[in-house]
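In the UniProt record's numbering, the protein residues as written are 1 to 108.
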């Protein structure tokens with residue numbers, strides 16, 4: 001396994017990793033800083049490293065906005081008791097600007 005990118009995001013790390021033998025699969029994972037020996041949960045798989053790094057950055061930006069709006073990440077879903085759930089897949093399936101991500105949170 002090779003870690004290609006590592007990003008500190010709140011109390012977590014978002015990383016892009018590639019498992020040996022998976023040439024076209026770059027996994028975007030999130031892991032808690034409190035368990036640094038784990039490689040976390042895979043939230044997205046991209047077909048190339050550049051796309052995976054872009055997705056990792058977008059995930060961190062959205063995660064930060066979501067936390068500021070009362071959401072927490074549970075598995076692969078952003079949850080807030082008073083608003084609709086937002087799946088990570090929905091957030092990451094297209095490239096979004098910060099304004100688009102903010103609007104996504106406001107419409108939930």
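Idealized CB from N, CA, C, for every residue including glycine.
Alpha carbon of residue i to alpha carbon of residue j, nearest angstrom
{"i": "residue 76", "j": "residue 87", "result": "6 Å"}
{"i": "residue 40", "j": "residue 34", "result": "11 Å"}
{"i": "residue 57", "j": "residue 81", "result": "26 Å"}
{"i": "residue 3", "j": "residue 89", "result": "22 Å"}
{"i": "residue 15", "j": "residue 60", "result": "10 Å"}
{"i": "residue 92", "j": "residue 67", "result": "17 Å"}
{"i": "residue 48", "j": "residue 13", "result": "20 Å"}
{"i": "residue 10", "j": "residue 74", "result": "15 Å"}
{"i": "residue 17", "j": "residue 27", "result": "5 Å"}
{"i": "residue 31", "j": "residue 101", "result": "22 Å"}
{"i": "residue 95", "j": "residue 79", "result": "21 Å"}
{"i": "residue 19", "j": "residue 71", "result": "31 Å"}
Residue range of the beta strand (DSSP E) that includes residue i
{"i": "residue 46", "result": "41-46"}
{"i": "residue 32", "result": "26-32"}
{"i": "residue 16", "result": "12-18"}
Residue environment, residue i, which counts as buried when at least 16 other CB atoms sit within 10 Å
{"i": "residue 106", "result": "exposed"}
{"i": "residue 98", "result": "exposed"}
{"i": "residue 52", "result": "buried"}
{"i": "residue 6", "result": "exposed"}
{"i": "residue 1", "result": "exposed"}
{"i": "residue 103", "result": "exposed"}
Chain C within 8 Å of residue i, Cβ atoms only
{"i": "residue 44", "result": "In the displayed structure, chain C is absent; only one protein chain is listed."}
> Enumerated in chain order, which unbroken segments of the alpha helix (DSSP H) with a length of 4 residues or greater are wholly contained in the segment 58-107?
Replying inline: 88-92 and 98-107
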